[in-house]
Structures are given as structure tokens and as C-alpha cells.
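Residue numbers (the working numbering): 2 to 299. Ideal placement from N, C-alpha and C gives every residue a C-beta, glycine not left out. Notes follow the structure.
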Ligand SMILES: Nc1ncnc2c1ncn2[C@@H]1O[C@H](COP(=O)(O)OP(=O)(O)OP(=O)(O)O)[C@@H](O)[C@H]1O
Ligand SMILES: [Mg+2]
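Okay, structure coming up:
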């Protein structure tokens, strides 16, 4: 089976992109829900490198950074030095579930490399759109191989908008947008969802809508009212996003785990956490299979 490609993205920070990316990756790789684990690759496109810390552990990530085995070095080698390099060679086993869970780690240097690419290409008279195209073509080329080597590929993206995020969104079967159902978190949601539909690889095909997942959900009147409004918007004829049935509760245990990246082994969610992330992962795979943008024959 060609891998399903999933981006987890929102221009708003702190809504749970990394928590959901890592928890889903662990659910896929660990065979949550009873089945066999599927081979999963998480590509960390965020210079904060939180997902990389979680999945590699401090010592292994430090060693990856020191030996230029982080994703920023891949982009620099490919674009600036014109080397024939493959993302596949940047993937390393995660510290837990290491038979099925792999990570192409990031480093804080990604921020500098992204600027370096822009400066390098603009000196060669390429505009910003073309910079995005170069990054996107490079990732697309790599995904042809990666699709055959993995069952699921997850991009954890940085808050804000960047050439790397744009490329990941364009190439994904499914774009998951975590959001907190409160007024402030939803202010930019619609404009972000519109930008996702426009970034679809094939603008002539049916509009590809992002899928919003409500995270940190509380049983407060405000959260419940916002959720109701979001679900109505997702069902209307003019909808600009769809919504996951699964909702992730605001949970002290999830917060505790996500705030302490320096844990050994798998993330130790409680029974409620395990169950909710298994449900999210199963729903995501189901949607990605229906909405696949895999080239014919892949
Ligand atoms: N369901 C949840 N319940 C309680 N706390 C949560 C939940 N999901 C995430 N958090 C907390 O919210 C904070 C932000 O989570 P996370 O780092 O996953 O967000 P993010 O969108 O990746 O952030 P950034 O934009 O900085 O990349 C973390 O401290 C985490 O502990
Ligand atoms: Mg993050």
C-alpha cells in the first residue's frame, strides 16, 4: 500500500499540533485499536524540534544534530550544495516502538536554513513563490520513494506560514487542523482553512477541505457553544472545513506528558488518552484513504 500522507498544521501556536502528531504516530506504529503496528515516519518541519525531542530523546537528538542528520541539513545539501540526497537517509528509529516508528528530526538550525534558502534562491532571481516551488518539488520527489517505504507519513509543521509548511500541505492526502474551541483560537481558523484549500496540488479537482479536530475541549458553556457553531459550519453547504467526530479532552495527564519531553519509552497516556488517540488515528486513516492524492499506480 502506498503511504498515506498527513500534515498536522495551524498557523496558531500551542493548539496541540505536536501533541497530536506524536500521539497519532505512536498509535499507528503501536497498532492501537488491536491491529498490527504500521510503519510510520514523522517528518519534523518545525525548528522548535519538539516532536524530535519526544521521539528521539535528548541524547539521540543531540547526536543527530552533531552529525548533520537533521532535516535542515537535508534541505541545505539539496538546494544550496546541489547534492543528490534523499530524505529516506535522514530517517532514524524512534526511541520506542523502534521497529515501526521512525523520525526525520529537526533542529533549531532549520530556521536559519529556511532563510538561507530564500537568500540563495533570490540571488538567483527566484521569487518567493519559486522558493516554495523548489521546496515542494524536492519533497514531492522524495515522497515518491517514501510512499513505498512507509504506511503512514506525518508532517508536524511549525506555527505560522513557511515554504516548508506550504509544501507539506500541498502534498498531503489529509490536512489535520487542531484547534481549541474558544473564541480567540478560532479567529484565524477560517482564513487558514481557505489557504489550505488553495494549496491543493490540483486546483481543478474538487476543493480539498482541511479537517479540523477540537483539542483541549472543556465541558464549559463557552467551549460547548463554540463546538456547536463549528460543527454547524462544517455541515453547511458553504463549508470551508470538515470536522473529526473525535474530540480530544483538555486533560491534565496529556498536558503533563506533552510538557515533559524528556520521557523514556512510549508516551504514557492514561486509558482515556490511549483510547482517544487510537480513535483519532483510526478516523484519520479512514479519511486519508478516501481523500488520497497518491499518483495512479503509486
Ligand atoms: N488535550 C490536551 N489537554 C491538555 N493540554 C494539552 C492538550 N494538548 C496539548 N496540550 C498542551 O498544550 C501545549 C501546546 O501543545 P503542543 O506543543 O502540542 O502545541 P503546538 O501546536 O505543537 O505548539 P507550537 O505551535 O508551539 O508548535 C503543551 O504544553 C501541551 O502540554
Ligand atoms: Mg509544535
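Limits of the beta strand (DSSP E) - the one that residue i falls within
i, result
"residue 101", "No beta strand (DSSP E) contains residue 101, which DSSP labels as neither H nor E."
"residue 158", "153 to 158"
"residue 7", "5 to 9"
"residue 41", "41 to 46"
Same chain only: Cβ atoms within 7 Å of residue i, ignoring 5 sequence neighbours per side
i, result
"residue 22", "9, 43, 52, 155 and 157"
"residue 79", "86 and 139"
Residue i - DSSP class collapsed to helix/strand/coil
i, result
"residue 171", "helix"
"residue 166", "helix"
"residue 244", "strand"
"residue 93", "strand"
"residue 209", "coil"
"residue 334", "Because the chain in this structure spans residues 2 to 299, residue 334 falls outside the shown range and cannot be described."
Cut-off 8 Å between Cβ atoms - residues of its own chain near residue i, not counting five sequence neighbours on either side
i, result
"residue 92", "42, 103, 104 and 105"
"residue 186", "13, 16 and 180"
"residue 238", "none"
"residue 184", "223 and 227"
Continuous alpha helix (DSSP H) stretch holding residue i: start and end
i, result
"residue 212", "Where residue 212 is concerned, there is no enclosing alpha helix (DSSP H), although the beta strand (DSSP E) it sits in stretches over 212 to 215."
"residue 53", "51 to 57"
"residue 145", "129 to 150"
"residue 73", "72 to 76"
"residue 239", "Careful: residue 239 lies outside any alpha helix (DSSP H) and carries neither H nor E."
"residue 111", "111 to 124"
"residue 37", "Segment: none, residue 37 is in no alpha helix (DSSP H) and carries neither H nor E."
In DSSP terms, what residue i is bridged to
i, result
"residue 180", "215"
"residue 250", "218"
Sequence-distant residues of its chain with Cβ nearer than 6 Å to residue i (five each side left out)
i, result
"residue 73", "108, 110, 111 and 114"
"residue 50", "107 and 108"
Supposed close pair residue i, residue j - CB separation, criterion 8 Å
i, j, result
"residue 152", "residue 4", "6 Å"
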